[in-house]
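Beneath this line is the structure, given in structure tokens, with notes to follow.
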Amino acid sequence: MNDTLLLLVMAASLVPVLSLAAVPTSPAPSTPPVATNLAPPVAVFTPGDAGYPAVRIPSIVVTKAGTLLAFAEGRRNLSDQAENKIIQKLSTDGGKTWSKLQTIAADGRRPLNNPCTVVDQKTGQVLLMFQSYPEHLKEKDSRIQTGYAGDDAGDDIVKSYLIRSNDDGATWSQIEDVTRQVKHPTGATTIASGPGIGIQLQKGPHAGRLLMPFNEGPYGQWNIYTAYSDDDGATWQYGDNVPGGMGLVNECQVVELSDGRARINSRRGGGHDLRKTSVSQDGGQTWSPVEDVADLVDPTCMASIIRFNAPAGTQLLFAGPLGPGRTNGTIHVSSDDGQTWPVQKTLFPGPYAYSILVALPDDTVGDLYEAAEHKIVFARFPLEAVLK
Numbered sequence: 005m006n007d008t009l010l011l012l013v014m015a016a017s018l019v020p021v022l023s024l025a026a027v028p029t030s031p032a033p034s035t036p037p038v039a040t041n042l043a044p045p046v047a048v049f050t051p052g053d054a055g056y057p058a059v060r061i062p063s064i065v066v067t068k069a070g071t072l073l074a075f076a077e078g079r080r081n082l083s084d085q086a087e088n089k090i091i092q093k094l095s096t097d098g099g100k101t102w103s104k105l106q107t108i109a110a111d112g113r114r115p116l117n118n119p120c121t122v123v124d125q126k127t128g129q130v131l132l133m134f135q136s137y138p139e140h141l142k143e144k145d146s147r148i149q150t151g152y153a154g155d156d157a158g159d160d161i162v163k164s165y166l167i168r169s170n171d172d173g174a175t176w177s178q179i180e181d182v183t184r185q186v187k188h189p190t191g192a193t194t195i196a197s198g199p200g201i202g203i204q205l206q207k208g209p210h211a212g213r214l215l216m217p218f219n220e221g222p223y224g225q226w227n228i229y230t231a232y233s234d235d236d237g238a239t240w241q242y243g244d245n246v247p248g249g250m251g252l253v254n255e256c257q258v259v260e261l262s263d264g265r266a267r268i269n270s271r272r273g274g275g276h277d278l279r280k281t282s283v284s285q286d287g288g289q290t291w292s293p294v295e296d297v298a299d300l301v302d303p304t305c306m307a308s309i310i311r312f313n314a315p316a317g318t319q320l321l322f323a324g325p326l327g328p329g330r331t332n333g334t335i336h337v338s339s340d341d342g343q344t345w346p347v348q349k350t351l352f353p354g355p356y357a358y359s360i361l362v363a364l365p366d367d368t369v370g371d372l373y374e375a376a377e378h379k380i381v382f383a384r385f386p387l388e389a390v391l392k
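Heads up: the sequence shown is residues 5 to 392, going by the working numbering.
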């Protein structure tokens with residue numbers, strides 16, 4: 005899941021983060037061109053805002069009315085579990101300016117992790133999922149139990165919560181506990197939605213279905229799957245784990261393909277230092293065996309993938325750090341549903357960690373990402389900046 009140590013190394017300097025000798029590596033990627041003449045990014049979440057010493061884990065969506073909603077974890081420190089709250093800012097001018105920070109979810113001293121957001125294009129409702137950890141346990145702690153609250157596990161479990169907004173993020177519902185609907189009843193200790201975004205399928209027999217990507221522990225033995233809803237998020241079901249993924253996968257995102265199938269794209273949890281992928285033919289219920297993505301090097305970091313419907317045609321866009329370590333934010337483009345990624349360009353040299361792409365109403369692309377000085381910033385660019 006989140007890797008605080010690697011982020012601290014990245015932010016402290018640009019010295020490459022070296023792989024462990026036991027980890028197999030892929031050939032070093034060719035150095036892509038670097039884009040020039042892009043507008044500078046705008047700071048959205050900054051350490052110290054509203055009394056939060058640390059901010060991490062971005063999520064961003066655009067509502068049906070065109071409002072940008074940005075989310076993150078406000079933390080007491082950079083530890084992954086540090087009494088985290090879910091925080092939000094809004095922009096009504098395409099990300100040029102942002103509202104004051106709002107805390108929209110808290111669970112006492114239990115830390116909240118992994119914001120993952122989706123907009124229901126039928127109803128306009130914004131749905132935000134995240135997890136709640138026991139206040140005295142960290143992600144790696146073997147005392148985290150499987151199962152659900154009220155069972156034999158007691159309260160030493162990771163819960164999954166959902167909140168909703170029907171007014172473009174101006175107000176939010178009370179927390180709903182959806183743990184039993186999205187967490188496998190056995191085997192899963194930790195769970196994490198995304199982090200990042202979910203999707204709504206637009207084509208095929210499952211059009212209208214909401215998909216939320218998940219990974220589940222135990223720590224170091226992660227699996228990935230999706231939870232799905234066919235009633236606009238009123239109820240959820242969990243799908244099967246990706247076959248062969250245990251220990252090779254981690255934080256993940258999902259994207260719809262041209263024919264309505266879904267592709268999951270995952271941070272590497274093990275194996276070659278490449279992204280991992282799998283395809284679902286049935287709307288996220290079952291998945292093909294896990295595979296490496298030969299064109300996408302992964303320096304062990306969460307990354308973003310979206311479908312972008314541009315005037316020139318539909319593309320898949322992927323954003324992540326090219327390396328060394330969590331540096332050099334690079335955009336990759338696929339025209340064949342993610343089978344190959346022949347186009348790549350570095351848009352954001354320097355520190356670049358967790359990131360989320362968003363398609364903007366004016367046919368440009370936005371990127372909310374973790375940058376230098378532990379800030380979360382927003383940049384926008386035309387697709388032509390990558391293609392030319």
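All residues carry an ideal CB built from backbone N, CA and C; glycine is no exception.
Is it buried or exposed, residue i, if we count other Cβ atoms within 10 angstroms and call 16 or more buried?
| i | result |
| --- | --- |
| G173 | buried |
| Q178 | exposed |
| S355 | In the sequence as displayed, the identity of residue 355 is Pro instead of Ser. P355 is buried by the Cβ-count criterion. |
| E77 | buried |
| N81 | exposed |
| Q204 | buried |
| P209 | exposed |
| P217 | buried |
| A266 | buried |
| A383 | buried |
| P325 | buried |
| R113 | exposed |
| D366 | exposed |
| H140 | exposed |
| S146 | exposed |
| N219 | buried |
| V38 | exposed |
| T239 | exposed |
| Q257 | buried |
| Q241 | exposed |
| E377 | exposed |
| S262 | exposed |
| D340 | exposed |
Report the partner residues of residue i according to the DSSP bridge assignment.
| i | result |
| --- | --- |
| M250 | Per DSSP, none; premise fails for M250. |
| R113 | D111 |
| P315 | According to DSSP, P315 bridges with nothing at all. |
| D227 | It is worth fixing the name first, because residue 227 is Asn in this sequence and not Asp. Bridge partners of N227: E220. |
| E77 | R60, I90 |
| T350 | V38, T334 |
| K280 | S270, D296 |
| P325 | G333 |
| I167 | L132 |
| L320 | R311, S338 |
| P45 | Answer by DSSP bridge pairing: none, since P45 is not bridged. |
| L72 | V66, S95 |
Kindly give me the distance between the Cβ atoms of residue i and residue j, rounded to whole angstroms, as I take these residues to be in contact under 8 Å.
| i | j | result |
| --- | --- | --- |
| G327 | Y373 | G327 to Y373, Cβ: 15 Å. No contact. |
| V362 | V46 | No, V362 and V46 are not in contact; Cβ-Cβ is about 14 Å, not under 8 Å. |
| T71 | L94 | 6 Å |
| P346 | P293 | No, P346 and P293 are not in contact; Cβ-Cβ is about 24 Å, not under 8 Å. |
| A58 | K89 | So it is not a contact: roughly 11 Å between Cβ atoms. |
| K280 | E295 | 7 Å |
| N245 | Y223 | That belief does not hold up - the Cβ atoms of N245 and Y223 are roughly 16 Å apart, past 8 Å. |
| V390 | I310 | Rounded, the Cβ-Cβ distance is 13 Å, inconsistent with contact. |
| C120 | G202 | 6 Å |
| L320 | G342 | 5 Å |
| Y232 | G287 | 6 Å |
| S63 | I360 | 6 Å |
| G243 | Q289 | 5 Å |
I'd like the list of long-range same chain contacts for residue i, defined as Cβ closer than 6 Å, with 5 residues on each side in sequence excluded.
| i | result |
| --- | --- |
| D53 | L105 |
| W102 | V48, K93, S95 |
| K142 | Q85 |
| P303 | P325, G327, G329 |
| S282 | V246, I268, W291, S292, V294 |
| I91 | A76, G78, L105, T107 |
| A43 | none |
| D234 | R213 |
| Q348 | P36, T334, H336 |
Below 7 Å CB to CB, which residues in the same chain sit around residue i once its five sequence neighbours on both sides are set aside?
| i | result |
| --- | --- |
| N118 | I61, F134, Q135, A196, S197, G198, P199 |
| I163 | In the sequence as presented, Ile is not what sits at residue 163; that position holds Lys. The residues are Q135, S136, A153, D181, T183. |
| P28 | Reliability of the predicted coordinates at P28 is poor, the pLDDT of 44 falling under 50, and the value obtained from them is presented with this limitation in mind. G275, H276. |
| Q225 | M250, G251 |
| L432 | Because the chain here runs from 5 to 392, residue 432 falls outside it and cannot be looked at. |
Looking only at its chain, what residues have a beta carbon closer than 8 Å to the beta carbon of residue i, apart from the 5 residues adjacent to it on each side?
| i | result |
| --- | --- |
| T67 | L73, V123, G128, V130, D172, G173 |
| K100 | V46 |
| L278 | S30, R272, D296, V297, A298, L300, V301, D302 |
| P20 | Bear in mind that a pLDDT of 33 at P20, under 50, signals an unreliable position, so the number given afterwards is only what the model happens to contain. Same-chain partners within the cutoff: G327, P328, G329. |
Could you tell me whether the Cβ of residue i comes closer than 8 Å to any Cβ of chain C?
| i | result |
| --- | --- |
| S284 | The chain inventory of the structure shown lacks chain C, comprising one protein chain alone. |
Taking 7 Å as the cut-off, does the CB of residue i come closer than this to any heavy atom belonging to the ligand HEM?
| i | result |
| --- | --- |
| M133 | Absence of the ligand HEM is noted for the structure shown, with no ligands found whatsoever. |
Taking the runs of the beta strand (DSSP E) that are 3 residues or longer, which of them lie wholly in the segment 190-215? 195-197
Only counting runs of 3 or more residues, tell me where the beta strand (DSSP E) segments fall wholly within the segment 358-392, in order along the chain. 359-363, 369-374, 380-385
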